[in-house]
Amino acid sequence: MSKTLNPTQHYVDHFGSVKDRLPGAALPWLDARRVTGIEQFARIGLPTVKTESWKYTRLPVFADTDFRAANWEDGQVRVRAVPEFFPGASDSIRLVYVNGIIRPELSRLDGLPAGVSLEPMAQVLESDPAYIEAHLTAREPGYDQGFSALNAAMMESGTVFRVAKGVVVTEPIEIVYLNGGTESPIYRHPRNLFVLEPGSQATLIKRHAGIKAGAYFNNGVTDIQVGDGAILRHYTIQADCLEAIHLSAVNVTVGRDATYESFNLAIGGRLVRTETRVRLEGRGGHCNLSGAYLMKAREHCDNTTIIDHLVPDTTAREVFKGVLNDESRGVFQGKLVVHKDAQRTDGHQMSRALLLSDRAEMDAKPELEIYADDVKCSHGCTTGQIDETALFYLRSRGIPEALARNLLIQSFIAEALEEISDVRVREAMASQVIHWLPAQCFLSDEWRQA
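This is the structure we're talking about:
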């Protein structure tokens, strides 16, 4: 892309060249939705620091990187193996994508419980387009963000995860996204739909990783519906390459007496931004949005959350902790909105960051917007460096300085990991933190090509 070319126009032009090859191209309602999306994107454009929700996050490389649409050949990049999330386990159900293409030889779908489906979005658009139409049109947030509008226009892959009424899934299910390893930079716009019907329960793990060094752009949107009395535990690991841009918008509705638990661990990426919007629509609804991020070099991690308490007797909890080294940067923007009728709301929000370098930077913007009078809401943000007194204590006990620092970092992150209710997942996440510490490396060398 020429540095003089408008990046917004670049993607508008790309849409014109690929729209007839996108999934569901024969569906009139989807074609109309795509056209509306690209028109909205052309009007809104890419966000800038003047965009309130992006004031702390600058978009890198868009003006001079010619990202192209990923194709079938990109999905055939050689991958030696997918490391197991749970050490020693080799039977967990998982769906594996490489640059947006499903790789059956890396996936394991045998043993999927009755009442549970895990399918590519493109496949469901063929087999049950009415289901997708009902949920996407009902869940669309109104194209209020440029990247969401671009995803609406360009959605070309993604996963549909459905759990039937009353079904309890006892074992975690994984979706693995491997990106990169291509000769030139690619972009992807996956659209995911996760629906838990009333009374169901499931644990879903999403893993994102770069195959090897190189630039790619992932612009994903995930719509989640947690029905009355349902429980979804949704855990994500983002271990992208140093040059990768990973943007994710998550839109969640939570029903009566339902629970949505989310934890996001980010350990790599030039720009990693997750914007989560939760609507607590039923009495007794609860959500926990928590996470940890460990950044190095010039990596940038942005966690932006909005929780709407719409009815009485709902609860929400947020705990985010970050470790920033070198010239990395962290951003936390959390808004908790208590609407007029949402009496007896209980909301807690906390963000803490640990700076390992005087060149690292943290920006925090907690917000409470309260229109009810019977509520319990709190928020707090702190940023600091390693406790020199604690470090001296450990060194005085004969512990080498490097190890002592790692122990203090692990202890700092552990508080966030405690928000994960599934013990096995918590331990697996802790092991990923340990992998990051010694050499501040990617998730695992096994992700790399053979």
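Just so you know, the sequence shown maps onto residues 1197 to 1646 in the working numbering. No residue lacks a Cβ here, since even glycine has one placed at the ideal position from N, Cα and C.
Do you know offhand how far residue i's Cα is from residue j's?
i, j, result
"A1635", "D1270", "Here the model assigns A1635 a pLDDT of 47, short of 50, so the residue's position is not dependable, and the following value carries that caveat. Whole-angstrom Cα-Cα distance: 30 angstroms."
"T1378", "M1546", "39 angstroms"
"A1326", "F1357", "16 angstroms"
"V1507", "N1267", "45 angstroms"
"N1602", "H1404", "24 angstroms"
"R1555", "Y1567", "40 angstroms"
"E1322", "H1331", "15 angstroms"
"R1473", "V1417", "11 angstroms"
"G1395", "E1614", "25 angstroms"
"V1629", "A1600", "15 angstroms"
"S1286", "S1353", "26 angstroms"
"T1253", "E1557", "12 angstroms"
"W1250", "V1448", "21 angstroms"
"G1362", "I1502", "29 angstroms"
"E1248", "D1498", "14 angstroms"
"K1402", "T1432", "5 angstroms"
"E1471", "V1446", "6 angstroms"
"G1480", "Q1397", "16 angstroms"
"P1203", "L1291", "33 angstroms"
"A1318", "Q1434", "24 angstroms"
"P1219", "M1351", "8 angstroms"
"K1215", "T1585", "60 angstroms"
"Y1456", "A1228", "32 angstroms"
"R1264", "F1282", "35 angstroms"
"R1591", "F1608", "18 angstroms"
"Q1539", "I1298", "46 angstroms"
"S1627", "L1633", "10 angstroms"
"M1625", "A1222", "42 angstroms"
"Q1649", "L1308", "For residue 1649 there is no data in the structure shown, the boundaries of the chain being 1197 and 1646."
"L1604", "L1552", "11 angstroms"
"G1406", "I1441", "11 angstroms"
"L1438", "D1569", "46 angstroms"
"E1477", "V1450", "6 angstroms"
"R1429", "E1393", "14 angstroms"
"D1509", "R1452", "10 angstroms"
"G1423", "V1533", "21 angstroms"
Just reading off the alpha helix (DSSP H) that residue i is part of, what are its end residues?
i, result
"D1424", "First-last for D1424: undefined, no H or E at that position."
"V1320", "M1317 to S1323"
"N1484", "Segment H1482 to M1491 is the beta strand (DSSP E) holding N1484; no alpha helix (DSSP H) there."
"G1530", "Not the alpha helix (DSSP H): G1530 falls in the beta strand (DSSP E), residues R1525 to V1534."
"T1204", "P1203 to V1214"
Taking residue i as part of the beta strand (DSSP E), name the residues at either end of that continuous run.
i, result
"E1370", "I1369 to N1375"
"I1502", "H1496 to H1505"
"V1450", "I1441 to V1450"
"A1345", "Not the beta strand (DSSP E): A1345 falls in the alpha helix (DSSP H), residues G1342 to M1350."
"F1516", "T1511 to L1520"
"D1472", "One detail in the question is off: residue 1472 reads as Thr in this sequence, not Asp. Residues L1467 to L1476."
"E1457", "T1455 to A1462"
"L1400", "Q1397 to G1406"
"I1289", "I1289 to V1294"
"V1359", "T1355 to V1359"
"L1392", "R1387 to L1392"
"R1384", "I1382 to R1384"
List the whole-angstrom C-beta distance separating residue i from residue j, where the pair is believed to meet the contact cut-off of C-beta under 8 angstroms.
i, j, result
"T1582", "L1550", "Position check: residue 1582 holds Ile in this sequence, whereas Thr was assumed. About 7 angstroms; that satisfies the 8 angstroms criterion."
"P1386", "A1411", "Contact doesn't hold; Cβ gap of about 18 angstroms is too wide."
"I1427", "A1454", "7 angstroms"
"Y1293", "V1372", "7 angstroms"
"H1482", "H1505", "In fact, because the Cβ distance is near 11 angstroms, the residues do not count as touching under 8 angstroms."
"A1349", "F1211", "6 angstroms"
"I1289", "I1369", "5 angstroms"
"N1415", "N1375", "Actually they do not touch by this definition, with Cβ atoms about 12 angstroms apart."
"C1573", "P1562", "No, C1573 and P1562 are not in contact; Cβ-Cβ is about 11 angstroms, not under 8 angstroms."
"V1359", "T1399", "Not confirmed; about 11 angstroms, so no contact."
"F1237", "L1305", "Actually they do not touch by this definition, with Cβ atoms about 34 angstroms apart."
"H1496", "S1524", "7 angstroms"
When you compare the CB of residue i with every CB in chain B, is at least one pair closer than 8 angstroms?
i, result
"D1498", "In the structure shown, chain B cannot be found, because there is only a single protein chain."
Ranges of the alpha helix (DSSP H) found wholly within the region 1551–1587, counting only runs of at least 4: none
The region 1459–1468 contacting the region 1234–1251, beta-carbon criterion three pairs below 8 angstroms: Taking a contact to require three or more Cβ pairs closer than 8 angstroms, the region 1459–1468 and the region 1234–1251 do not qualify as touching.
Stretch pair the region 1270–1286 + the region 1339–1349: three plus CB contacts closer than 8 angstroms: No: the two stretches stay apart, fewer than three of their Cβ pairs being nearer than 8 angstroms.
Inter-stretch contact at 8 angstroms, needing at least 3 Cβ pairs: the region 1507–1521 / the region 1483–1494: The way I'd put it, the region 1507–1521 does touch the region 1483–1494; three or more beta-carbon pairs between them come closer than 8 angstroms.
The region 1492–1508 touching the region 1617–1626, judged by at least three CB pairs closer than 8 angstroms: no
Those runs of the alpha helix (DSSP H) which lie wholly inside the region 1223–1281 and span at least 4 residues: 1224–1240
Contiguous alpha helix (DSSP H) assignments of at least 4 residues, all confined to the region 1595–1626: If only uninterrupted alpha helix (DSSP H) runs of at least 4 residues are considered, those enclosed by the region 1595–1626 are 1597–1613.
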